[in-house]
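In what follows, a structure is listed as structure tokens, so that the remarks can point back to it.
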Amino acid sequence: MLQHNEFTGKTVFVAGGTSGINLGIAKAFAAAGAKVAVFSRSQERVDAAVATLRELTSDAMGFSGDVRDMASVQDALSKTHEAWGTIDVLCSGAAGNFVAPAAVMSPNGFKSVMDIDLLGSFHVLRAAYPYLTKPGASIINISAPQASKATPMQAHVCAAKAGVDMLTKVLAMEWGPEGVRVNSIVPGPIAGTEGMERLTPTPESKAAVTQNMPLRRYGEISDVANVAVMLSSSVFNYVTGVVLPVDGGASLAGPGLLGGQP
Ligand code: COA
Ligand code: NAP
């Protein structure tokens, strides 16, 4: 059973937690009583996210930095630990995306997404490891359907997120003996997000994504955020190394996030 006040006094760090799904996750933990720190590049976004979180908790902090820069990640985690004494939950969700065919994608374009999504995830996980309160610590990596569904014009994201899911599994093996759980959440198409606006900017492209999926609709940010909280709770304390779709069944059928184009 989920314990009352389960997250009271617990500390959560959300990398990329200043907008969209990741901010939704930060808010859900704050609403559940946790102290929450967020981290992303834009100081403006960090300030806005902290202001939003402070409507839910007085214990909210933010840091500007880039997951591609290990020193900035380490600095933010160290300051969070210094302020609150523990880090109980780590969510790694910073990501970048654009739509481009591999045949014309520049190597630097491919590298940018690999550096943010995959190397950035490693930086976050590696830097947080010494601080994670163990046993009972929960790590959640935010993956994507492209990790397992070959998606044209998404070679960079497919490769990077497949790597993220494999990191989840390997670190579940390596850190499990210390009581640290590591899982991936795979959001399906989520309404009102930057990610889906980039992939499906038109009503036609949006309709193509949902036409064959079981629930026939986009999800809400709260659908993913609530699962992140539950997955980090004691209810799930025997679950590690899983790659969990939160996608209205989209992984069973349908054309993927780009609606099967081209
Ligand atoms: N098509 C093809 N290549 C593109 C591109 C596009 N739409 N957008 C960027 N690139 C290429 C650039 O041309 C550049 O390569 P080059 O130096 O060979 O020209 C490379 O990607 C890096 O671009 P830059 O703008 O310098 O990268 P950045 O580090 O400032 O930003 C991105 C990274 C490109 C991923 C950017 O879109 C971003 O910051 N995204 C975060 C938000 C987001 O994507 N949200 C959705 C999450 S799923
Ligand atoms: P979003 O709103 O663009 O959020 C991305 C966040 O990451 C922002 O806070 C951004 O802030 C931060 N970020 C980006 N690059 C960064 C970097 N180099 N260093 C630090 N922070 C960085 O995106 P979203 O659509 O909600 O997606 C969130 C996550 O869900 C991603 O991992 C994505 O792959 C996954 N996902 C989304 C969907 C969907 O439906 N949207 C579906 C499947 C998976 P700054 O710009 O300030 O850095």
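My numbering applies: residue 1346 is where the sequence shown begins, and numbers increase by one. Even glycine gets a Cβ: it sits at the ideal position worked out from N, Cα and C.
Practice item. Spell out a yes or no on whether the region 1536 to 1544 and the region 1572 to 1587 are touching, meaning 3 or more CB-CB pairs, one atom from each, closer than 8 angstroms. Key: no
Point to revise | Terminal residues of the alpha helix (DSSP H) in which residue 1580 lies | key: That residue, residue 1580, is in no alpha helix (DSSP H); it is neither H nor E in DSSP.
Check your understanding: For the candidate residues 1487, 1434 and 1502, whose alpha-carbon lies nearest to that of residue 1664?
Key -> The structure shown does not extend to residue 1664, since the chain is modelled only from 1346 to 1607, so the question has no answer here.
Exercise for review: Just mark residue 1537 as buried or exposed, buried being the case when its beta carbon has 16 or more other beta carbons within 10 Å.
Suggested key: Under a 10 Å Cβ-count criterion, residue 1537 is classified as exposed, with fewer than 16 other Cβ atoms of the shown protein chains found around its own Cβ.
**Study point:** By C-beta, the residues closer than 5 angstroms to any heavy atom of the ligand COA, given in chain order
**Key:** 1440, 1441, 1442, 1443, 1445, 1451, 1453, 1454, 1457, 1539 and 1540
**Study point:** Own chain residues within Cβ distance below 7 angstroms of residue 1601, not counting five before or after
**Key:** Closer than 7 angstroms at the Cβ level, and outside the excluded window around residue 1601, lie 1490, 1494 and 1496.
Review point. In terms of residues, what are the limits of the beta strand (DSSP E) holding residue 1590?
Key: Per DSSP, residue 1590 belongs to the beta strand (DSSP E) from 1588 to 1591.
**Study point:** CB-CB length for residue 1394 against residue 1407, believed under 8 angstroms
**Key:** 6 angstroms
Practice item. May I ask you to report which of helix, strand or coil DSSP gives residue 1558? Key: coil
**Study point:** Rounded Cβ spacing between residue 1365 and residue 1540 (contact assumed at less than 8 angstroms)
**Key:** Indeed they touch by this definition, with Cβ atoms about 7 angstroms apart.
**Study point:** Same chain only: Cβ atoms within 6 angstroms of residue 1444, ignoring 5 sequence neighbours per side
**Key:** 1498
Point to revise | First through last residue of the alpha helix (DSSP H) which encompasses residue 1483 | key: Counting along the chain, residue 1483 falls outside any alpha helix (DSSP H), though it belongs to the beta strand (DSSP E) covering 1483 to 1487.
Review point. In terms of residues, what are the limits of the beta strand (DSSP E) holding residue 1381?
Key: Counting along the chain, the beta strand (DSSP E) containing residue 1381 begins and ends at 1380 to 1385.
Review point. Under the criterion of a Cβ to heavy atom distance below 7 angstroms, does residue 1547 qualify as lining the ligand NAP?
Key: No, the ligand NAP has no heavy atom inside 7 angstroms of this Cβ.
Exercise for review: Helix, strand or coil for residue 1402, going by three-state DSSP, please let me know.
Suggested key: coil
Check your understanding: To which residues of the same chain is residue 1327 closer than 7 angstroms at the C-beta, ignoring the five residues directly before and after it?
Key -> With the chain represented from 1346 up to 1607, any question about residue 1327 goes unanswered, as that position is not in the structure.
Point to revise | Option in 1401, 1426 and 1467 with minimal Cα separation from residue 1368 | key: 1401
Review point. For residue 1356, which residues does DSSP report across the bridge?
Key: 1380
Review point. With a cut-off of 8 angstroms, do at least 3 Cβ pairs link the region 1573 to 1589 to the region 1547 to 1565?
Key: no
Practice item. Check residue 1409 in the structure and name its three-state DSSP category. Key: strand
Review point. What do you get for residue 1382, buried or exposed, if any count of 16 or more other CB atoms within 10 angstroms of its CB means buried?
Key: Buried, by the Cβ-count rule.
Point to revise | Distance, residue 1385 Cα to residue 1392 Cα | key: 10 angstroms
Point to revise | Residues bridged to residue 1437 [DSSP beta-bridge criterion] | key: Note: residue 1437 sits in a beta bridge opposite 1360 and 1486.
Review point. Beta carbon of residue 1431: closer than 7 angstroms to some heavy atom of the ligand NAP?
Key: no
Practice item. Give the DSSP-derived three-state secondary structure of residue 1531 in the structure shown. Key: strand
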